[in-house]
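S.K.: Below is one structure. I have some questions about it.
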Amino acid sequence: MVHSALSFLFLFLALGATMALMPVDAGNSHEGSTFPFTFHIASVHKNDTVLITAQEATATAVTVDGYDPGGGHVYAGVKAAPVNIHLPAADYGRLSQFFYGQCTYWANMRYHQLTGHWIPWLGNAYQWAYQAPAYGWTISDTPNPMGQSIMVFSPYAQGAGAYGHVAVVERINADGSVLTSNWNWNGDWATFSMRTFYPGRGISFIWYPN
């Protein structure tokens, strides 16, 4: 009698363990499952949690100053570029080649406003110092004395982050410092600010040839 009871108990536990290990497809019908509702909810809840965590991580990554995954991408939790910008189609394409909200987007837009020239390359902020000469642009340790220039920060230079930073030089001050216009400085994503910086180590200035 005891032996029969133990055999039944082991059979019950084995059956329960087998059911617990059965794969669950949250997208399929519940028919044929013994406890479909419980397993379905648990599976969906787990997947949603992972998805939300991934979206939050992506939103954080793409808004880090100087990081540019390229324009035309949409990420959950990240504001997209406005669509009511009055530009010719060709110009809008040049503007949207950089990721909206980033320092790169601002520098491209503002430099075009001041000079009529778009940035012809792609990449993170610090990479602009390498890209500019390849496209025939001037690169220097000091700002353009004859016109506008873009200030390029190497990673961690003067408070920049791991991807560097770019800013547009609005004025050269008497002491050699430069007043710059910026987006996304110090984590203020898609936020405009005016900042004063100095030429020095880890800093380059680029501009379209005069």
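Numbered per mature numbering (1 follows the signal peptide of the UniProt record, and there is no 0), the sequence shown spans residues -19 to -1, 1 to 191.
Using N, Cα and C, we set each Cβ at its ideal position, and we do this for glycine too.
Bear in mind that the values here come from a model prediction, so they are computed numbers and not experimental data.
What is the DSSP secondary structure of Thr119, reduced to helix, strand or coil?
M.R.: Along the sequence shown, read from residue 1 onward, the residue named residue 119 stands at position 138. Correct three-state label for Thr119: strand.
S.K.: Can you name the start and end residues of the alpha helix (DSSP H) that Trp87 belongs to?
M.R.: As a working mapping, residue 87 is identified with position 106 in the sequence shown. Residues 84 to 96.
S.K.: Looking at the structure shown, is Ala143 part of a helix, part of a strand, or coil, going by DSSP?
M.R.: Walking along the sequence shown from the start, residue 143 turns up at place 162. Here Ala143 sits in coil by DSSP.
S.K.: I believe Ser174 touches Asn163 by the beta-carbon criterion, under 8 Å. Please report the beta-carbon distance rounded to the nearest angstrom.
M.R.: Position 193 of the sequence shown, counted from the first residue, corresponds to residue 174. Position 182 of the sequence shown, counted from the first residue, corresponds to residue 163. So it is a contact: roughly 5 Å between Cβ atoms.
S.K.: Measure the C-alpha to C-alpha separation of His98 and Asn167 and round it to an integer number of angstroms.
M.R.: Residue 98 sits at position 117 when you count from the first residue of the sequence shown. Residue 167 sits at position 186 when you count from the first residue of the sequence shown. C-alpha separation (whole angstroms): 27 Å.
S.K.: Would you say Phe186 and Ser121 are within 8 Å of each other, going by their C-beta atoms?
M.R.: Taking the sequence shown and counting its residues from 1, one reaches residue 186 at position 205. Taking the sequence shown and counting its residues from 1, one reaches residue 121 at position 140. In this structure, Ser121 lies closer than 8 Å to Phe186 by Cβ.
S.K.: So, helix, strand or coil for Asn167, using DSSP?
M.R.: The count along the sequence shown starts at 1 and reaches residue 167 at position 186. Note: Asn167 maps to helix in three-state DSSP.
S.K.: Let me know the secondary structure DSSP gives residue 242 once reduced to three states.
M.R.: Since the displayed the chain opens at -19 and closes at 191, residue 242 lies outside it and no answer follows.
S.K.: Beta-carbon separation of Ala88 and Ile153 under 8 Å?
M.R.: Indexing the sequence shown from 1 puts residue 88 at position 107. Indexing the sequence shown from 1 puts residue 153 at position 172. It is not a contact, given that the beta carbons lie outside the stated cut-off.
S.K.: Consult DSSP for Ala155 and reduce its assignment to one of helix, strand or coil.
M.R.: Here residue 155 corresponds to residue number 174 of the sequence shown, with the count starting at 1. The answer is coil: DSSP assigns Ala155 none of H, G, I, E or B.
S.K.: Quick one: Cα of Gln83 to Cα of Arg182, how far?
M.R.: The residue given as residue 83 occupies position 102 in the sequence shown. The residue given as residue 182 occupies position 201 in the sequence shown. For Gln83 and Arg182, the distance between alpha carbons rounds to 23 Å.
S.K.: Taking the alpha-carbon positions, what's the Thr123 to Asp169 distance?
M.R.: Your numbering for residue 123 matches position 142 in the sequence shown. Your numbering for residue 169 matches position 188 in the sequence shown. Roughly 26 Å separates the two Cα atoms.
S.K.: What span of residues does the beta strand (DSSP E) with Ile131 cover, start to end?
M.R.: Taking the first residue of the sequence shown as 1, we reach residue 131 at position 150. Taken as a continuous stretch (DSSP letters only), the beta strand (DSSP E) holding Ile131 covers 131 to 134.
S.K.: What is the DSSP secondary structure of Trp188, reduced to helix, strand or coil?
M.R.: As a working mapping, residue 188 is identified with position 207 in the sequence shown. DSSP places Trp188 in strand when its eight states are reduced to three.
S.K.: On the criterion of 16 or more Cβ atoms from any shown chain inside 10 Å, does Met127 qualify as buried, or is it exposed?
M.R.: As a working note, residue 127 is residue 146 in the sequence shown. Its Cβ having fewer than 16 others within 10 Å, Met127 is exposed.
S.K.: Measure the C-alpha to C-alpha separation of Ala143 and Ser135 and round it to an integer number of angstroms.
M.R.: Looking up residue 143 in the sequence shown gives position 162. Looking up residue 135 in the sequence shown gives position 154. Each residue's alpha carbon lies about 8 Å from the other.
S.K.: Check whether the Cβ atoms of Gly157 and Pro180 lie closer than 8 Å to each other.
M.R.: Your numbering for residue 157 matches position 176 in the sequence shown. Your numbering for residue 180 matches position 199 in the sequence shown. Yes, the pair counts as a contact, with Cβ atoms nearer than the cut-off.
S.K.: Taking the alpha carbon of Ala155 as the point to measure from, which residue in Tyr137, Phe178, Pro114 has its own alpha carbon closest?
M.R.: By 1-based counting over the sequence shown, the position of residue 155 is 174. It is Phe178 whose Cα lies nearest to the Cα of Ala155.
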